[in-house]
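Residue numbers (this note's numbering): 1390 to 1865.
In structure tokens:
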């Protein structure tokens, strides 16, 4: 099994020979780019609605290579990562990330997200996503501080981590967004399907545990129960401060020991994740008020959302020497801010995508200008492409996810077209998105099987078709 930190750098010419990730499932393993979906009998799940969408889009996308990329990427989560069954009379869906046989609360939510618009056309697909919501509920009740889970009490390669590990956990890194994504998925699943059966007693208990965890990590009454250390050669893979993180002055924001990249935060107040928490808490409040008629808990969610929102107004914005008032990536409550952005979502770039801020907001526009410039220490311009990376893989490696997110949050058709072109020319003839690629050489990439990036690309193409169909009528 490939651990999350043991990423593999390889080239397209040797990927199939090494048997990395999903190429071993392909019917066509040659270097020539083609339809590289697994053979039908090896696919994990079939959705009529997804297959109809693929056929429809093949008639819309004029660029043959973009069309094949969509055909490969959009169904990748269903083809290769979902394990669906019935458990105690209810749907149950375990979703691995790809080349890591574990379920991240964040990744699993994001991987099935692009299929939500199709669930009313496909009862099987609707049950699959209901199963994800129910499995995530089980995971949160096991440990609200964990980011990744096994499919049962199988143990983990990270059992030696200095934290409260359990056999059901793959990894126990505290990340705010790990609890936001399940709320986002459940909320929008309800809005689309009308099914409220997922909001049962277990789900309610899990949501109340989320609120408790967020409150603990405001750290008004001490540091809380969570700490984490790991024996590792990667400084970003363990928490400073003997496992508690660097000092932070309580101010209403929620501490996050790790980022969505699974890298440790420098300053504990991770600004994009706190914005995401505000959105999620308001969604939770709506469910408990409108569906469950639990007015008191609904009010508690709203009150915490307002606390975090007010603290963001005071501590998230700082004056940059060259860009004026922009959003910091992290802060510590003492007046220190970290100026950067990371490719993983939530990021500063992704805030409009998550419903946290308007794309037209001048504060966001100034921040966007900064993070898409070389003044952002993790933004790279190279011979192959330009885009945001991050410490998780290191210098000079661009994340396709960040290029996709740039397009998803843009209203400029020229910028979106530029992103489509970069994505087309950097998949290294594999037909899939990767975790990262070198800014000067797309064939030097990490993770040949990374389902989140694949389905996110599919989501982008569908959005472009809805809002800028003329961009799919050209060849890049």
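The beta carbon of each residue, even a glycine, is placed where N, CA and C say it ideally should be.
Everything numeric in this text was worked out from a predicted model, so none of it was measured.
Using the C-alpha atoms, what's the distance from residue j back to residue i?
i            : j            : result
residue 1702 : residue 1447 : 45 Å
residue 1434 : residue 1426 : 12 Å
residue 1666 : residue 1566 : 7 Å
residue 1482 : residue 1559 : 17 Å
residue 1639 : residue 1502 : 34 Å
residue 1460 : residue 1772 : 27 Å
residue 1575 : residue 1636 : 34 Å
residue 1846 : residue 1450 : 14 Å
residue 1539 : residue 1556 : 8 Å
residue 1788 : residue 1801 : 21 Å
residue 1622 : residue 1767 : 21 Å
residue 1754 : residue 1863 : 28 Å
residue 1552 : residue 1423 : 45 Å
residue 1613 : residue 1604 : 9 Å
residue 1706 : residue 1712 : 12 Å
residue 1849 : residue 1797 : 6 Å
residue 1663 : residue 1535 : 18 Å
residue 1618 : residue 1578 : 36 Å
residue 1750 : residue 1439 : 35 Å
residue 1564 : residue 1669 : 14 Å
residue 1757 : residue 1828 : 20 Å
residue 1592 : residue 1454 : 43 Å
residue 1414 : residue 1500 : Because residue 1414 sits at a pLDDT of 34, beneath the cut-off of 50, its placement in the model cannot be relied upon, and the following sentence gives the value as read from the coordinates. Whole-angstrom Cα-Cα distance: 19 Å.
residue 1456 : residue 1587 : 36 Å
residue 1831 : residue 1790 : 14 Å
residue 1760 : residue 1794 : 12 Å
residue 1610 : residue 1690 : 19 Å
residue 1642 : residue 1607 : 6 Å
What does DSSP give as the partner residues of residue i in its beta bridges?
i            : result
residue 1599 : BP columns for residue 1599 are empty, so no partner.
residue 1659 : 1719
residue 1476 : 1479
residue 1838 : Answer by DSSP bridge pairing: none, since residue 1838 is not bridged.
residue 1551 : 1618
residue 1726 : 1720
residue 1706 : 1716
residue 1647 : 1653
So, helix, strand or coil for residue i, using DSSP?
i            : result
residue 1560 : strand
residue 1654 : coil
residue 1577 : helix
residue 1830 : strand
residue 1713 : strand
residue 1442 : helix
residue 1585 : coil
residue 1686 : helix
residue 1393 : Any reading at residue 1393 must be qualified, since the residue scores a pLDDT of 46, below 50, and its modelled position is unreliable; the value itself is stated next. Reduced to three states, the DSSP call for residue 1393 is coil.
residue 1434 : coil
residue 1625 : helix
residue 1825 : strand
residue 1742 : coil
residue 1450 : coil
residue 1855 : helix
residue 1633 : coil
residue 1611 : coil
residue 1606 : coil
residue 1700 : helix
residue 1813 : helix
residue 1844 : helix
residue 1731 : coil
residue 1571 : helix
residue 1736 : coil
residue 1668 : helix
residue 1747 : coil
residue 1863 : coil
Would you say the beta carbon of residue i is closer than 8 Å to some non-hydrogen atom of the ligand SAM?
i            : result
residue 1801 : As presented, the structure is devoid of all ligands, the ligand SAM included, so that no description of it is given.
Using beta carbons (cut-off 9 Å, strictly below), is residue i in contact with chain B?
i            : result
residue 1688 : This model lacks chain B altogether; it includes just one protein chain.
- With a floor of 4 residues, list each alpha helix (DSSP H) that falls wholly inside the region 1750-1810, ordered by position along the chain. 1751-1760 and 1789-1797
- Item | At least three beta-carbon pairs within less than 8 Å, the region 1479-1499 to the region 1524-1533 | yes
- 4-residue-minimum alpha helix (DSSP H) runs that sit fully inside the region 1460-1546, ordered along the chain: 1465-1469, 1494-1501 and 1512-1531
- Message: Under 8 Å, with one C-beta from each stretch per pair, do the region 1689-1703 and the region 1738-1746 reach the 3-pair mark?
- Response: no
- Evaluate the contact criterion for the region 1503-1512 versus the region 1568-1588: three or more CB pairs, one atom per stretch, below 8 Å. yes
- Item | Three-pair Cβ contact test at 8 Å for the region 1810-1824 versus the region 1751-1771 | no
- Does the region 1679-1698 come close enough to the region 1729-1743 that 3 or more CB-CB pairs lie under 8 Å? no
- Message: Taking 8 Å as the cut-off, does the region 1653-1663 touch the region 1712-1724 (at least 3 CB pairs, one atom from each stretch)?
- Response: yes
- Are at least three pairs of beta-carbons, each pair with one atom in the region 1470-1479 and one in the region 1823-1833, less than 8 Å apart? no
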